[in-house]
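Structure record follows, encoded as structure tokens.
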Amino acid sequence: MLNKKISVIWLFVSAILLLALLYCLFNSKREEPATKEKTSCQRIRDYTENYFRFLETANVSEKMGEIKIEVSYIPEVGSVPIKQEIYQNAAYYALQVVDFFPEVSYIEYKVLWDDKTKDEAMTLKLDENALSNLKNQYYNQIIAQNDDEEISFQTLFTSVKQTDISNEWREDADKNSNLP
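For the record, in the sequence shown the residue sitting at position 23 is 22 according to numbering that gives the first Met the number 0, with numbers rising by one throughout.
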């Protein structure tokens, strides 16, 4: 009789432990993807804040396993803004992010001008197709740059929209000049 009571108690405790284990397993799997996506978005946001010295906004969102990044910033330039340097800097940021987070499917930059008025000077966009080809295209431009050939980092972007402000900027640095 005592053995039957011990067996029933042991069976009851085992059933409770089994139910608790199953509950933990199913809940941890359900929470894991959301935590991973939140962590990825937070890491991208942190990297963005460190990469762009004059960052205005950084929005990183995730939907159905794809990450979208929207950045607005004032570019670091000397006395004269040079478009190719701005394009190269934005493309390099995208290259670094996509290397670590291949789930990034869209990046949009709003390049601002004048830290007081923060006028929009350019909008640069990279869609999923451009991001998938970015590494090869970027390094082809770097090779051309190192060989003193004509470069166009602008071609890496899906869309480049310029305003009157950026239309006044130099396309490239004059290599034969003492001035920028």
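Ideal Cβ positions, reconstructed from N, Cα and C, are used throughout, including at glycine.
>> Which residue wins for smallest C-alpha separation from Y86, given the options S6, Q140 and L54?
In response: Q140
>> Helix, strand or coil for D147? Go by DSSP, reduced to three states.
In response: coil
> Under the three-state reduction of DSSP, which class applies to K115: helix, strand or coil?
Replying inline: coil
> To the nearest angstrom, how far is it from the Cα of Y108 to the Cα of Q144?
Replying inline: 23 Å
> CA-CA distance, W183 and N26?
Replying inline: Nothing can be reported for residue 183: it is not among the residues displayed for the chain, which extend from 0 to 179.
> Expressed to the nearest angstrom, what Euclidean distance is found between the alpha-carbon atoms of A190 and V110?
Replying inline: Lying before the first or after the last residue shown, residue 190 is absent from the chain, which here runs from 0 to 179.
> In whole angstroms, what separates the C-alpha of E119 from that of Q136?
Replying inline: 27 Å
>> Once DSSP output is grouped into helix, strand and coil, what is the label at I73?
In response: coil
> So which of P80, S151 and T47 has the shortest CA-CA distance to N166?
Replying inline: P80
> So, using beta-carbon positions, are W112 and I150 closer together than 8 Å?
Replying inline: no
> Is it the case that the Cβ atoms of E55 and S71 are separated by a distance below 8 Å?
Replying inline: yes
> At which residues does the beta strand (DSSP E) containing Q87 begin and terminate?
Replying inline: Looking at the DSSP string, Q87 is not in any beta strand (DSSP E); the run it does join, the alpha helix (DSSP H), is K82 to F99.
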